[in-house]
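Below is one structure, written out as structure tokens; comments come after it.
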Amino acid sequence: MPRKNFGPTVKKRAKYLVKLLLNYAVDYPFNKKGISNLELRWEEELDNNNSVKLVVKTKVIALEHLTKTGGEPLNKTYIIEVLKTLKSLNFLIDNRVKRQGKEDWLFTLNLWSRDQEKNLELLDTEWEKQKLNQGKIQVYQDWADAPFHPNFYGREIELSLLKQWVIEDQCCLVGILGISGVGKTTLSIKLGKGGIGKTDLSLKLAQEIQDEFEYIVWRSLRNAPLLTTLIADLLKFLSNQQEINLENSLEEQFSKLVEHLRSHRCLLILDNVETILQTGPEGQEYRPGYGEYSELFQLIALSSHQSCLILTSREKPENLARLAGQNKPVRFLELKGLDYLNGKKIFTDIENFTGTDAEWQKIIEFYDGNPLALELAAHHIKDCYGNNISVFLQQGKPIFEHLNHLLNWHFERLKENEKEVLYWLAINRKPVSIIDLKEDLITVETQNNLASIIQSIQNKFSLERNQNKQELKFTLQPVLMEFITENFINNFCQNLTSTEVNFEFCNKYILVKSQAKDYIKFTQNCLILKPIVESLIIKFQGQKNLENFLKHIKEQIQARMPLQIGYMASNILNLFNELKTDLRGYDFSNLTIWQADLQQMHLVGVNFTNSDLSKSTFPQIFSNIITVAVSPDGKFLATGDAKGEILLWDLVNRQQIFTFKGHTNYVNKIQFNTNSNKMASCSSDYTIKLWDVTTGRCLKTLRGHKNRVSDLAFSRDEQILVSGSGDGTIKLWDMNQNTIIQTLPMKSGIRKVIFHPSEENILIIAHENGTIQQWDLAENKCIMHILAHSGPIFSLVLSHDYQTLVSGSGDFTIKFWNINSGKSLKVLSGHTGAILDLAFSDESKILASASDDKTIRLWHFDTWENFQTLMGHTGKVQSIVFSQDNQILISGSNDRTVKLWEIQNGNCALTLSGYTNSHTSIAFNPNAQILASGANDGRLRLWWVTSGQCFKTLKGHDSQIEALAFSPNGQILASGDANGMIKIWDIKTYECLQNLSGYPDEHTNTVWMITFSDDNLILASASADCTVKIWEVLSGECLNTFKHSSGVWSVAISPDRETLISSCHDGTVSLWNLNSGKKIKTLKVHKGQVFTLVFSQDKKTLISAGNDSTVKLLDAKTGKCIKSIKGFDDEVLAVAEKNAQILVSDSSLNRPEIKIRDLMTGKWLSPLIGHTKGIWSIIFSIDGEKAASTSHDETIRIWDIETGNCLQVLKVEKLYENMNITNIKGLTEAQKVNLKAMGAVENFCR
């Protein structure tokens, strides 16, 4: 229910109305000339309280008349508000049968006596009690970047009418329409937020309406967000960060939105709707790509709910016009210009002007009271006519038919450098400082005089100013932003396509800034680059002609202005990129290519010899990110990946400095020292390394653990390093002697270990078995043991006051503990996957949690409220860390990205994309003629085994493909990805037959394995979402879901289709009745995760492999362990069996061989050698004669099992294969190394 306003003003009105009714009741029996339609009668009850009731039958208009008799008239809106508020106090009983939208009222006042003063006194007491109680009700408001308008002129009548529509008439959708610059945004903010404006009346009205709602959210459409982005944002807010499933269909998201609008009283305000509209043959229609907004608006307008959507727009959406009407739930208010007095205030707020009343009237009428037009005129009269309105009207008054003509008239009178600055403000889209604006400009004179140019513009076009951290930033008002952007697009197209190309204009400006924040780049692409491309395609009558023209222009630039500073060549490259032109073999040599975003561009064979690529962005060479760390001085970011590499970044300029190579497996943790000149890292290769941050050199390597080293930490004096391992031990290392001081054996693998900040002899330890310990090093004993979680603990942090410990687990929960007593303080839920990392901001005001559900949640530590959910990663979020100023949260994910998030608004400011060319999954078809491979680029490739040729590439997945399987008859191929999507492909037609998804049946996390039944009819999928699902292949229907307590790595179906076998993250293997869905038994087979589970060729034996460095043979019927095979150096990730031989690979990157064991003799045979890095996966062909393997070395190898020879090496062309970077400029050495790793070459001769 909406909140009632128990403020002093409403109380005063309520007491006033009650007083008048009581007075009227005294005289009513004797007053023959009473008020029409106002009837009263007394009812007294003889109870313990001797209560008195006054029954009132009336109309609202009669109560209005009554208030006039008292000398302080109240309008209809105020009276209804008072009646509703008295009703919420139970002072008034509403006796109407149909209450909503009626003028007639029949109510009873519950009085204490007939004494007026006593009633008013007790009413006052009850009012204050209710006001106190209401203060405890949670209200949610999100104003995002709503503009602040200190000057608000007039609009009292409009505000009153809008309030009536929204509150009294409970309209579902209200549109505020007006010509450009009329002030609709200010009005909506004033209506919704309150407290903005000069007059007391506007402040009161605004405060009153916001108290009617539980949720208020304001969003601007000025940068044309896609509806999918907007509705996800709205759902997050309205659900208190619970609705975060972006994979649901838009229809399902619409349904959820309406549910919230029905359950709660919500006020949604969408500003600048005209941005997503365009003029069509039948009026204002939606721009291409934005038609779904029409469905959203109509749904809200036509659905039954208790909320309201307010739209502000300069144009009325055509689809809503027919729904509007005086008595309908959709209303539109078309704003008129300001009246004489309020129009005059715009002038007087700028400066004192001279003019007679008649002249004031004339100038305001001349501009139709348009606030923006009046403001522009005021600045013009001030600068050119000495503040004299009379002279302006006589000499300088131009005639305009449209506001755009007015804006153009003022724009054309600007100096060229002022236009240049305005264009750059439009390109930047968001407030920008003078320092940053100088970086964009290439005109030296404009750079040198920028401050004075800004001041000059400010005197002519009022700029929006934003003060932040002592830094003043400027941007354009929405109307000016649109006008300047449109003007820029037109000018760019004209200058580019004129008979004599104006290279100077096109060289001054960039269309899309590669170093802009991600959400700004999206807007630049949508509102600048795309419209230019669309216009040029029309101009040149097709894409091919345009491409030929752009190629010709590029050649002209190379001939006429080689290496001249500017953006012309970058713009040509941006245009090619938007056109998706195949640039293979193009020549971009001897060019200045600034601010080019090359992260998603395939540049095979492109020539960049002698070119300057300053400020351009490229993908980086890194794999799945496992950990991220920020140096104490805030200058460096370090990331560790699945290949064992550490990348060091300069956080100021976002450039890579070094790549630290030495580890041969996952880098699990990075820790900087206090001085930020050294860092320690630990890895799944069992080692710890210390690095020199300034040189990139490895200083020492510590060895001693016998399994994955999960975590490490420095002591306060940095003389001791503590490490925790999957081998169940904690080791303390002397950093001077590089020796082990102490080894602490534990009962389970260690996930996290930290020194107690104030008690150096105390360690806090998190275990894989879900327990937390405090360990006294001096006494060498456990002094506190907490049974914390039902799953492994992946994350552990301590608050800055050292009083609260927070743990995150595979059981999807976050728990808070008193560090002194071990008492549980709070359990937070909301994530739908394991909590993989936690991080506190400075002073522990904000807790961030990262999960394998692909999200990050932000929590207020003092209230435990989840106030923001960050979505954008397409894989599990492995690690998070706050920047030193707490303004940015940095996250690393197995989707091969590092993202920098703005805490204030939840936007992703920067994405660092990693590039690898690895194949993550493979499958032979039944006759071993075709090999299918899935890659981390989401593409599915089909290869001829004999020739090694890739003959087909299938696109459809948007994340890394982790699972592949051919049906036994070879007609169907199934693929599963890191987002939980499963696709069914027809091998003959290459068409996708089914997407095995759709709420609530789809997987919500990575699909690790897929297997078919022998009869080709069903498919089983194992997922990190803790489920195995059974699907009917032909229909795509989910037949059953088997729920597990932890992520499921592998699954197998028995030949008789009676039994399902699954293996889990917790080391268990479970047997299920496939038909009934009931669990038969669960066996603890491995000490850690069970990565692989396959049937032997005779189907009598199951073979499992895990991170305890063993392979086990299990009886397929009973699950009993028959044999345990040891002798591996690391976690066993892959295993395959045929003809009583097994192929095995462990996870170590520096042991790339594939081991072969004869199960009959127990002997190890000659390994398969050829890969240069660790193995991803291995498979046998059905006949057992061939094997295939994928590796971190980005190759697939096909092997002859009998001879051990490699038959084929399969490779995919790299992103920058043979891209010539000879004598390239503007790049660091680290960037050049990365480019070469992606295929680029130097000193290349064609």
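Residue numbers (UniProt numbering): 1 to 1246.
We treat Cβ as the ideally placed atom computed from N, Cα and C, and that holds for glycine.
Here the structure is a predicted model, which means the values were calculated and not measured.
By the criterion of a C-beta distance shorter than 8 Å, ARG716 is surrounded in its chain by PHE755, PRO757, GLU760, once the five residues flanking it on both sides are discounted.
LEU613 counts as buried, since no fewer than 16 other beta carbons sit within 10 angstroms of its beta carbon. For CYS682 and THR627, the gap between their C-alpha atoms comes out near 10 Å.
DSSP places LYS344 in the helix class (H, G or I) of the three-state scheme. When DSSP states are grouped into helix, strand and coil, GLU464 belongs to the strand group.
If you check the CB distance, GLY875 and ASN894 come in under 8 Å.
Residue pairing for GLY808: DSSP places it in a beta bridge opposite SER795, ILE814. By the CB criterion at 8 Å, LYS1112 and SER1104 fall inside the cutoff.
About 14 Å separates the beta carbons of GLN774 and ILE793, which is beyond the 8 Å limit, so they are not a contact pair. Separation of GLU416 and LEU320 (C-alpha to C-alpha, rounded to the nearest whole angstrom) is 42 Å.
Note on geometry: alpha-carbon atoms of LEU309 and GLN278 lie some 21 Å from one another. Counting C-beta pairs with one atom in each stretch, the stretch 1225 to 1232 and the stretch 1201 to 1213 have fewer than three that are closer than 8 Å, which means they do not touch. About 7 Å separates the Cβ atoms of LEU648 and VAL693, confirming a contact at the 8 Å cut-off. Burial state of SER36 is exposed, judged by a 10 Å Cβ sphere holding fewer than 16 other Cβ atoms.
Distance check between THR832 and each of THR855, PHE816, GLU843 places THR855 closest, using alpha-carbon atoms only.
Listed in chain order, the non-local C-beta contacts of TYR990 below 7 Å within the same chain comprise LYS952, LEU954, local neighbours out to five positions each way being set aside.
DSSP places ARG262 in no beta strand (DSSP E) but in the uninterrupted alpha helix (DSSP H) bounded by 250 to 263. Here DSSP, grouped into helix, strand and coil, assigns VAL1212 to coil. The stretch 631 to 650 and the stretch 595 to 614 do not touch, with fewer than three beta-carbon pairs separated by less than 8 Å.
A straight-line Cα-Cα distance of about 46 Å links VAL1051 and PHE576. Comparing alpha-carbon positions, the option among GLN564, VAL604, LEU591, GLN595 lying closest to LEU583 turns out to be VAL604.
Boundaries of the alpha helix (DSSP H) around PHE549: 543 to 560. Of the other Cβ atoms in all chains shown, 16 or more fall within 10 Å of the Cβ of MET1219; this residue is therefore buried.
Contact annotation, LYS1126 with THR1101: C-beta distance approximately 18 Å; criterion of less than 8 Å not satisfied. For ASP692, the enclosing beta strand (DSSP E) covers residues 687 to 692. Spanning the alpha carbons of ASN1243 and PRO562 requires a straight line of approximately 20 Å. Note that the C-beta distance between THR674 and GLU645 is not below 8 Å. Closest option to ASN448, judged by alpha-carbon separation, among LEU1143, VAL421, SER220: VAL421. Per DSSP, the beta bridge partners of ALA932 are ALA923, LEU942.
If you draw a straight line from the Cα of GLU500 to the Cα of LEU973, it is about 56 Å long. ALA680 is bridged by DSSP to GLN671, LEU690. With a cut-off of 8 Å on Cβ pairs, the stretch 212 to 221 is not in contact with the stretch 520 to 535, counting fewer than three such pairs. Of the other Cβ atoms in all chains shown, fewer than 16 fall within 10 Å of the Cβ of GLN600; this residue is therefore exposed. PHE861 and ALA1188 have their alpha carbons spaced roughly 51 Å apart.
Cβ-Cβ distances below 8 Å link TRP817 to ILE772, ILE786, ALA788, THR804, LEU805, VAL806, SER807, LYS823, SER824, LEU825 in the same chain, with the five nearest sequence neighbours on each side left out; the list follows chain order. Pairwise C-beta distances place the stretch 479 to 488 out of contact with the stretch 541 to 559, as fewer than three of them are shorter than 8 Å.
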